[in-house]
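K.L.:
Note that my numbering gives residue 344 to position 326 of the sequence shown, counting from 1, and the numbers run on in steps of one.
Idealized CB from N, CA, C, for every residue including glycine.
I am attaching a structure below and will ask some questions about it afterwards.
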Amino acid sequence: MPVLKHATAITEVQLSPGTPPSEALLLSDTPWVARGYVADWPLVKAAARGADDALAYIAGFYQGRPVNAFLAEPEFEGRFFYNDDLTGFNFIQVNTQLTQVFEKLLAFSTSNEKNPALYVGSTQTSAWLPGFNEAHPLPCNLPEPMTSLWIGNESRVAAHFDFPRNIACCVLGERRFTVFPPEQVENLYVGPWDLTPAGQPISMVDFHSIDYAQFPKFKEAEEHAQTTTLEPGDVIYLPNMWWHQVESLSPINGLVNFWWQETPGVYGSPTEALKHAFLSIRSLPLHQRKALKTMFDHYVFAETTEHLEHLPEASWGRLGGISDTLARQLRAELTNSLKR
């Protein structure tokens, strides 16, 4: 499978299994890879014996709760994407048993036919696989991480972003990550926000067959692309908002990821704030939007408190740091205003 011709390798760091990453690594604003960091996980050891052993090991935690599986016909060559007129998708979703998905994956992996692409994604292990998290810990205290399992055959998910920080652990097969810093959003040709394959907007560029006539600015994005291929036991760290395409390269692939963010849930989601901006700001006349951009730069995106130093610090209130109490007050104000 092709790699973007100008992509550089993601920085690799040395971390021994069981050694906590430094605070600097967990707060890094650039991605990194640690080879073999979860090589001692029971699932990774099972994968070394074979995909059937790995799937059987996962099935030992499964309690029968249905999962949502994604299925794309062979003609799409593993690319989960839109249909031709962007009114829907080129795949279907099926509510099924995880063990049935495993049976299909094993059957596809030994078939000589061109098989559909099949995967189950973002399945919270605490709910679907009780006891799995305790058997597969990360040696660091992440604030209320959400742990998820991703498993399937050869496929690719278009470049997208997630707001939380992410540590993704390859546990079965090989996966390639191709990543871009947040400021490349304009060069990635982002698709619709109202209709998305899995909840987040995606790049419309097919990295395996790039149409530069349709997407000329993607050449600039390529200059900033970074890539890596993970094997079982390897992990990748992705900072907030970094765009990433994920390709599953083996007949059966598995990934476990940890999402987290430093701010408490009461502070709300930045993506929800963006939705509110679509509603209340995007339709304003240009001169008003420019004025509001200045206000946001002054009050929200200021890198120091210099703009407040003419005031006593005790009077800063919402202009200064946010406390849980102030966050609840602001949420209440927003809730009341949105009811109108």
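Using only the alpha-carbon positions, how far apart do H178 and P288 sit?
P.N.:
Residue 178 sits at position 160 when you count from the first residue of the sequence shown. Residue 288 sits at position 270 when you count from the first residue of the sequence shown. If I take the Cα positions, the gap works out to 16 Å.
K.L.:
Contact check, W59 vs L160 under 8 Å by CB: the rounded distance?
P.N.:
Along the sequence shown, one-based indexing puts residue 59 at 41. Along the sequence shown, one-based indexing puts residue 160 at 142. Not a contact, Cβ separation roughly 16 Å.
K.L.:
Exposed or buried, which one is D229 when buried takes at least 16 other CB atoms within 10 Å?
P.N.:
For the purposes of this step, residue 229 is taken as residue 211 along the sequence shown, with counting starting at 1. Classification of D229: exposed, given that the 10 Å Cβ count is below 16.
K.L.:
Less than 8 Å separating the beta-carbons of P257 and D47?
P.N.:
Here residue 257 corresponds to residue number 239 of the sequence shown, with the count starting at 1. Here residue 47 corresponds to residue number 29 of the sequence shown, with the count starting at 1. Going by C-beta atoms, P257 is nearer than 8 Å to D47.
K.L.:
Are the stretch 280-296 and the stretch 230-238 in contact at 8 Å, needing three or more beta carbon pairs?
P.N.:
No contact exists between the stretch 280-296 and the stretch 230-238.
K.L.:
Note down, in chain order, each residue of its chain lying with its Cβ closer than 6 Å to the Cβ of F126, except the 5 sequence neighbours on either side.
P.N.:
The residue given as residue 126 occupies position 108 in the sequence shown. Closer than 6 Å at Cβ, skipping near neighbours: N133 and N171.
K.L.:
Pick out the complete beta strand (DSSP E) segments inside the stretch 213-299, 3 residues or longer, and give them in chain order.
P.N.:
244-248, 253-256, 261-266 and 271-278, all fully within the stretch 213-299.
K.L.:
How far does the alpha helix (DSSP H) with L33 in it extend, from its first residue to its last?
P.N.:
Numbered from its first residue, the sequence shown carries residue 33 at position 15. Looking at the DSSP string, L33 is not in any alpha helix (DSSP H), and its letter there is neither H nor E.
K.L.:
Got a sec, what are the start and stop residues for the beta strand (DSSP E) L310 sits in?
P.N.:
As a position in the sequence shown, residue 310 is number 292, starting the count at 1. First-last for L310: L304 to Y317, but that is the alpha helix (DSSP H), not the beta strand (DSSP E).
K.L.:
Let's see if you can read the secondary structure: which residues bound the beta strand (DSSP E) around T110?
P.N.:
Here residue 110 corresponds to residue number 92 of the sequence shown, with the count starting at 1. Before going further, note that residue 110 is Ile rather than Thr in the sequence given. Per DSSP, I110 belongs to the beta strand (DSSP E) from F109 to T114.
K.L.:
If the criterion is Cβ atoms closer than 8 Å, does the pair A186 and S221 meet it?
P.N.:
The residue labelled residue 186 in the question sits at position 168 within the sequence shown. The residue labelled residue 221 in the question sits at position 203 within the sequence shown. No, they are not a contact pair.
K.L.:
Count the other CB atoms within 10 Å of the CB of Y317; is the residue buried (16 or more) or exposed (fewer)?
P.N.:
Indexing the sequence shown from 1 puts residue 317 at position 299. Looking at its Cβ environment, which holds fewer than 16 other Cβ atoms inside 10 Å, Y317 is exposed.
K.L.:
Kindly indicate which residue of V274, V56 and L292 has the alpha-carbon position closest to the one of V138.
P.N.:
Here residue 138 refers to the residue found at position 120 of the sequence shown. Nearest C-alpha to V138: V274.
K.L.:
Terminal residues of the continuous alpha helix (DSSP H) containing I76?
P.N.:
Residue numbering aside, residue 76 sits at position 58 when the sequence shown is read from its first letter. I76 -> alpha helix (DSSP H) spans A69 to A77.
K.L.:
Quick check: what's the CA-CA separation for N130 versus R67?
P.N.:
Stepping through the sequence shown from its first residue, residue 130 is reached at position 112. Stepping through the sequence shown from its first residue, residue 67 is reached at position 49. Between N130 and R67, the C-alpha separation is close to 23 Å.
K.L.:
List the endpoints of the continuous beta strand (DSSP E) containing D354.
P.N.:
On the sequence shown, residue 354 is found 336 positions in, with the first residue counted as 1. In the sequence under discussion, the amino acid at residue 354 is Asn, which differs from the Asp named in the question. Counting along the chain, N354 falls outside any beta strand (DSSP E), though it belongs to the alpha helix (DSSP H) covering D342 to L356.
K.L.:
Please look up how many angstroms separate the CB atoms of F79 and F150, rounded, as I've assumed it's under 8 Å.
P.N.:
For this step, residue 79 is matched to residue 61 along the sequence shown. For this step, residue 150 is matched to residue 132 along the sequence shown. About 5 Å; that satisfies the 8 Å criterion.
K.L.:
Leaving out the 5 sequence neighbours to the left and right, which residues in its chain are closer than 6 Å to A77 when beta-carbon positions are compared?
P.N.:
In the sequence shown, residue 77 corresponds to position 59, counting from 1. Closer than 6 Å at the Cβ level, and outside the excluded window around A77, lie T117.
K.L.:
Using the C-alpha atoms, what's the distance from V56 back to F94?
P.N.:
Position 76 of the sequence shown holds residue 94. Position 38 of the sequence shown holds residue 56. Distance between the alpha carbons of F94 and V56: 33 Å.
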